[in-house]
Amino acid sequence: MEHNSFKVPFVHLLCLLLLCPLVSCQLNYKFYDYTCPDLTKIVRSGVWSAMTNDSRMAASLLRLHFHDCFVNGCDGSVLLDGGEKNAFPNRNSARGFEVIDDIKANLERACPATVSCTDILTLAAREAVYLSGGPYWFLPLGRRDGLTASESDANEQLPGFSEPLVNITAKFTSKGLEPKDVVVLSGAHTIGFAQCFTFKSRLFDFGGSGEPDPLLDTSLLTSLQSTCPNQDDSDSKLAPLDSSSSSKFDNLYYKLLLNNSGLLQSDQALMGDKTTASLVLNYSKFPYLFSKDFGASMVKMANIGVLTGQNGEIRKNCRLVN
Numbered sequence: 079m080e081h082n083s084f085k086v087p088f089v090h091l092l093c094l095l096l097l098c099p100l101v102s103c104q105l106n107y108k109f110y111d112y113t114c115p116d117l118t119k120i121v122r123s124g125v126w127s128a129m130t131n132d133s134r135m136a137a138s139l140l141r142l143h144f145h146d147c148f149v150n151g152c153d154g155s156v157l158l159d160g161g162e163k164n165a166f167p168n169r170n171s172a173r174g175f176e177v178i179d180d181i182k183a184n185l186e187r188a189c190p191a192t193v194s195c196t197d198i199l200t201l202a203a204r205e206a207v208y209l210s211g212g213p214y215w216f217l218p219l220g221r222r223d224g225l226t227a228s229e230s231d232a233n234e235q236l237p238g239f240s241e242p243l244v245n246i247t248a249k250f251t252s253k254g255l256e257p258k259d260v261v262v263l264s265g266a267h268t269i270g271f272a273q274c275f276t277f278k279s280r281l282f283d284f285g286g287s288g289e290p291d292p293l294l295d296t297s298l299l300t301s302l303q304s305t306c307p308n309q310d311d312s313d314s315k316l317a318p319l320d321s322s323s324s325s326k327f328d329n330l331y332y333k334l335l336l337n338n339s340g341l342l343q344s345d346q347a348l349m350g351d352k353t354t355a356s357l358v359l360n361y362s363k364f365p366y367l368f369s370k371d372f373g374a375s376m377v378k379m380a381n382i383g384v385l386t387g388q389n390g391e392i393r394k395n396c397r398l399v400n
């Protein structure tokens, strides 16, 4: 696959450097330059191979990184067997573990006991976006892997698909992010799919009213009711989060919100607040602005609660502590 070469202005790179909180500034852009010089190439190759075999994999890797960082920081805990994998937001929906396993195995052959599973997942998410036509952002590296994973913490800390915007925003701000980051990172829904059960109430019984969500575009409503009929055996069926281009990373997600065509309740809720609605409008008009801000927000998210130095470990197997 060919992709346009990327150039990031020095000023943009400087901005990314200034964004990192004090603890994550222990990370380094050249952390693996000598100990594992082929790191980026190996990760990109693994992600590209996985995306070639599964068109949904880019979105799955991006979601996996988000779910890792939002539960007690970016520490690879979502990759551990048990724990967070069993939490409601991850059970039967989190995917991409085998991709990370394969990349880790290749890296262990190239540079044994050197690259953390957390850094692999962080890089894989970036490559997934980039290979889907989205932006590229520079990442400081050197994260280490956590030793525990909590199912209850995942249930409590991950934003829910039907939570009010105020609750979702509070979960973001508790991680050191801002309301702007809620809108920017929600743009990740420009790729991928959601299971019917995550939005079916909007189609048939919104808020217990016995009627569909009145805000939902009528043509989209009809289409979704066909895809997700009002019966239990349709709960695990899939619908695209971005009905216009579910595999291409672009800004069309925001245009759908303007047309009341956001799939999840949490997506469309961005139009119910003046501040977030204004950002949605800007990102719908200016794709470059969305790309720039998305990269900056991803760097901020990847710095949440990282372990560095002698904290944590470098796992030999991403599913198990050493």
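Using this note's numbering, read the sequence shown as starting at 79 and increasing by one per residue. No residue lacks a Cβ here, since even glycine has one placed at the ideal position from N, Cα and C. All values derive from a computational prediction rather than experimental measurement.
Do residue i and residue j have their C-beta atoms closer together than 8 Å?
i: Leu105; j: Ala266; result: no
i: Leu336; j: Leu359; result: yes
i: Ala191; j: Lys370; result: no
i: Ser344; j: Glu241; result: yes
i: Arg173; j: Leu385; result: no
i: Ala227; j: Ser155; result: yes
i: Leu348; j: Ser264; result: yes
i: Pro290; j: Tyr107; result: no
i: Gly383; j: Asp153; result: yes
i: Leu398; j: Asn338; result: no
i: Phe401; j: Leu236; result: With the chain covering 79 to 400 only, the question about residue 401 has no answer from this structure.
i: Val177; j: Ala248; result: no
I need the DSSP call for residue i, collapsed to helix, strand or coil.
i: Leu100; result: Bear in mind that a pLDDT of 46 at Leu100, under 50, signals an unreliable position, so the number given afterwards is only what the model happens to contain. Here Leu100 sits in coil by DSSP.
i: Leu43; result: Lying outside 79 to 400, the shown extent of the chain, residue 43 is not represented and no answer is given.
i: Glu205; result: helix
i: Ala106; result: The question names Ala, but residue 106 in the sequence shown is Asn. Strand at Asn106.
i: Arg280; result: helix
i: Ala191; result: coil
i: Cys306; result: coil
i: Pro115; result: coil
i: Glu256; result: coil
i: Cys147; result: helix
i: Phe250; result: helix
i: Leu217; result: coil
i: Asn168; result: coil
i: Ala380; result: helix
i: Leu94; result: Residue confidence for Leu94 is low, a pLDDT of 46 falling below 50, so the modelled location carries little weight; the figure read from the coordinates is stated next. If DSSP states are grouped into helix, strand and coil, Leu94 belongs with the helices.
i: Gly174; result: coil
i: Arg134; result: coil
i: Ser240; result: coil
i: Leu341; result: coil
i: Leu293; result: coil
i: Ser230; result: helix
i: Asn329; result: coil
i: Gly373; result: helix
i: Phe368; result: helix
i: Gly211; result: coil
i: Gly154; result: coil
Going by alpha carbons, who is nearest to residue i out of the options?
i: Gly124; options: Arg204, Pro365, Ser362; result: Arg204
i: Gly220; options: Arg397, Asn233, Tyr112; result: Tyr112
i: Leu243; options: Asp259, Asp231, Asn233; result: Asp259
i: Ser138; options: Met349, Ser210, Cys189; result: Ser210
i: Phe239; options: Ala272, Ala136, Thr226; result: Ala272
i: Lys363; options: Leu342, Lys394, Gly340, Leu330; result: Leu330
i: Tyr366; options: Asn170, Val262, Leu342, Ile246; result: Val262
i: Phe372; options: Trp215, Ala128, Gly151, Lys108; result: Trp215
i: Thr268; options: Cys147, Val384, Ala206, Val377; result: Ala206
i: Lys119; options: Ile181, Ser321, Arg397; result: Ile181
i: Asn168; options: Glu176, Ala232, Ala355; result: Ala232
i: Ala188; options: Leu117, Asp320, Ser279; result: Leu117
i: Ser356; options: Gly224, Tyr332, Val149; result: Tyr332
i: Ser322; options: Leu298, Ser314, Cys306; result: Leu298
i: Phe166; options: Thr276, Cys114, Phe175, Lys253; result: Thr276
i: Asp459; options: Lys352, Cys114, Trp126, Gly212; result: No information on residue 459 is available, as it lies outside the stretch 79 to 400 that the chain covers here.
i: Gln309; options: Ser324, Ser287, Asp283; result: Asp283
i: Leu225; options: Tyr208, Leu281, Ala248, Gly151; result: Gly151
i: Thr300; options: Pro115, Arg280, Ser314, Lys315; result: Arg280
Going by DSSP, name the residue or residues bridged to residue i.
i: Phe271; result: Pro318
i: Asp223; result: Glu391
i: Leu398; result: Asn395
i: Leu385; result: Arg222
Give the C-beta separation of residue i and residue j to the nearest angstrom, bearing in mind that I take them to be a contact with Cβ-Cβ under 8 Å.
i: Thr251; j: Ala380; result: Thr251 to Ala380, Cβ: 17 Å. No contact.
i: Glu229; j: Gly161; result: 5 Å
i: Cys396; j: Leu157; result: 4 Å
i: Ser133; j: Ser312; result: 21 Å between Cβ atoms; not a contact.
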